[in-house]
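According to the numbering used here, the residues represented by the sequence shown are 12 to 94, in order. Here the structure comes first, spelled out in C-alpha cells, and everything after it is commentary.
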Amino acid sequence: MKTLPQKKRNSHSKNAPQKQAEIRKHLKRISGVDLSVVDGFGVSLAQTVIMEVGTDMSKFPSEKHFCSWLGLAPKHEISGRRC
Numbered sequence: 012m013k014t015l016p017q018k019k020r021n022s023h024s025k026n027a028p029q030k031q032a033e034i035r036k037h038l039k040r041i042s043g044v045d046l047s048v049v050d051g052f053g054v055s056l057a058q059t060v061i062m063e064v065g066t067d068m069s070k071f072p073s074e075k076h077f078c079s080w081l082g083l084a085p086k087h088e089i090s091g092r093r094c
C-alpha cells in the first residue's frame with residue numbers, strides 16, 4: 012500500500028473521520044483502487060465519490076466525461092465580446 016504524504020500539523024477538521032487508515036482499506040476493498048491517494052482526494056471525498064457513482068464507471072464513456080461530471084473540467088465560455 013502506498014504511503015500518504017505527511018499532513019499539515021495544525022490543520023484540524025472537525026468532520027474528518029477518526030480512523031482514516033481503516034476506512035482507506037475498506038474503500039480499496041470495495042472499489043479495487045485507493046482513491047484517497049490521488050492528489051486533492053481525501054478519505055471523505057473518496058467515500059463521497061464511491062457513494063455517488065458506485066463502482067461501475069461504465070456509464071461514463073471516457074475519463075473526460077467523468078471529470079466533467081465531477082466539475083473538474085474547465086468551461087470555455089468567453090465573456091466580454093460584443094455581438
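Note that CB positions come from ideal geometry on N, CA and C, so glycine has one too.
{"Check": "Please classify residue 89: does DSSP put it in a helix, a strand, or coil?", "Outcome": "coil"}
{"Check": "Residues in the same chain with beta-carbon distance under 8 Å from residue 38, minus the five sequence neighbours each way, listed in chain order, please.", "Outcome": "45, 46, 47, 54, 57, 58, 61"}
{"Check": "Given a cut-off of 9 Å, decide if residue 43 and residue 66 are closer than it, judged by their beta-carbon atoms.", "Outcome": "yes"}
{"Check": "What residue range is occupied by the uninterrupted alpha helix (DSSP H) comprising residue 56?", "Outcome": "54-64"}
{"Check": "Have a look at residue 82 and residue 74 and give me their C-alpha separation to the nearest angstrom.", "Outcome": "12 Å"}
{"Check": "What are the start and end residues of the alpha helix (DSSP H) that includes residue 77?", "Outcome": "74-81"}
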